[in-house]
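Numbering (full-length UniProt numbering), first residue to last: 1 to 193.
Everything below concerns the one structure shown next.
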Amino acid sequence: MKAAVILLAALVAFPAAAPAQSDTKTPPRPSTPSTSPPSATPMPRTHIAGEVVIGERAPDFELDASNGKPLKLSTLRGDWVLLAFGPRKEDVAALSPLVKECREMGVQVVGVCDEKAYFLEAFHKKEKLPMLLLADPTKEVSAMYGLYDAERYTTGRGFVILDRQGVVRTALLGQSLPPQETLNMVRFTVQGR
1 MKAAVILLAA
11 LVAFPAAAPA
21 QSDTKTPPRP
31 STPSTSPPSA
41 TPMPRTHIAG
51 EVVIGERAPD
61 FELDASNGKP
71 LKLSTLRGDW
81 VLLAFGPRKE
91 DVAALSPLVK
101 ECREMGVQVV
111 GVCDEKAYFL
121 EAFHKKEKLP
131 MLLLADPTKE
141 VSAMYGLYDA
151 ERYTTGRGFV
161 ILDRQGVVRT
171 ALLGQSLPPQ
181 ETLNMVRFTV
191 QGR
């Protein structure tokens, strides 16, 4: 009798457990094509995502500059600042012809790019740049300013103009402008014309 009860309990329990072990397969997820070739080494990822808001103080940061010294953004307070972001040193150095006119308006021009400081130092000396370039190889600062492109693992192009107190007055993110239009944007922001 005991054996029959155990057998009956086992038969009742076993079919109930069988559906839990059913072989339902989930369809495989379609793979998304990659536009870039696979990398042989893993790349670090920046997990900061930010944005700048007009009328609010710009996020402070410190990066190595092309003059061989670290530069903290807040040390530039007292002057207007044009932060020009781009993936390569040549992108932001293209603003060099504007530096003289910007200085006459009380504006410091500072470039921020993905490259390492020692590349920027050599480029700065070779090209005799009238402006500082800041090294953001980890892209953390670019991310704080909303200019990190995670899909391409690069810094997007953009401009942020800060007033003398470090408050954001103009932000053009994800865009590149020719030098003369950039100068017009700076003039309008600083002088209202």
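For each residue, glycine too, the CB sits at the ideal point set by N, CA and C.
Check your understanding: For the candidate residues G146, K139, L172, whose alpha-carbon lies nearest to that of T154?
Key -> K139
Check your understanding: Can you tell which of I54, G55, P70, V53 has the C-alpha that lies nearest to the C-alpha of F61?
Key -> P70
Exercise for review: Kindly list the residues whose CB is nearer than 8 Å to the CB of Q165, restricted to its own chain and excluding five residues on each side of it in sequence; keep chain order.
Suggested key: R57, R77
Check your understanding: Nearest-angstrom Cα distance between L132 and L98?
Key -> 13 Å
Check your understanding: In three-state terms, what does DSSP make of T32?
Key -> Interpretation of T32 is limited by its pLDDT of 43, a score under 50 that renders its predicted location unreliable; the figure taken from the coordinates is listed afterwards. Here T32 sits in coil by DSSP.
Review point. Going by other Cβ atoms of all chains shown within 10 Å of its Cβ, with 16 needed for buried, is residue 198 buried or exposed?
Key: For the chain, the structure presents residues 1 to 193; residue 198 sits outside this window and is missing.
Exercise for review: Give the secondary structure of V53 by DSSP, where H, G and I count as helix, E and B as strand, and everything else as coil.
Suggested key: coil
Practice item. Buried or exposed for V53, please, with buried defined as at least 16 other CB atoms from any protein chain shown within 10 angstroms of its CB. Key: exposed
Point to revise | Start-to-end residues for the beta strand (DSSP E) that takes in V112 | key: 107 to 113
Review point. Closest Cβ-Cβ distance between D91 and chain C: below 9 Å?
Key: Protein chain content of the structure displayed is limited to a single chain, and chain C is not contained in it.
Review point. Thinking just about the alpha-carbon of each residue, which of S176, Q175, L162 is nearest to the one in F188?
Key: L162
**Study point:** Top-ranked residue by Cα proximity to Q180, from R152, S96, F123
**Key:** S96
Point to revise | Nearest-angstrom Cα separation, counted from R169 out to M105 | key: 15 Å
Check your understanding: Buried or exposed: where does A122 fall if 16 or more other Cβ atoms within 10 Å of its Cβ makes it buried?
Key -> exposed
**Study point:** V107 classed as buried or exposed, judged by whether at least 16 other C-beta atoms fall within 10 angstroms
**Key:** buried
**Study point:** DSSP-derived helix/strand/coil call for A93
**Key:** helix
Check your understanding: Looking at C-alpha atoms only, which residue of L172, T75, A93 is the closest neighbour of A135?
Key -> A93
**Study point:** Distance between beta carbons of E115 and residue 232, contact taken as under 8 Å
**Key:** Because residue 232 is not part of the residues shown, which for the chain are 1 to 193, the question remains open.
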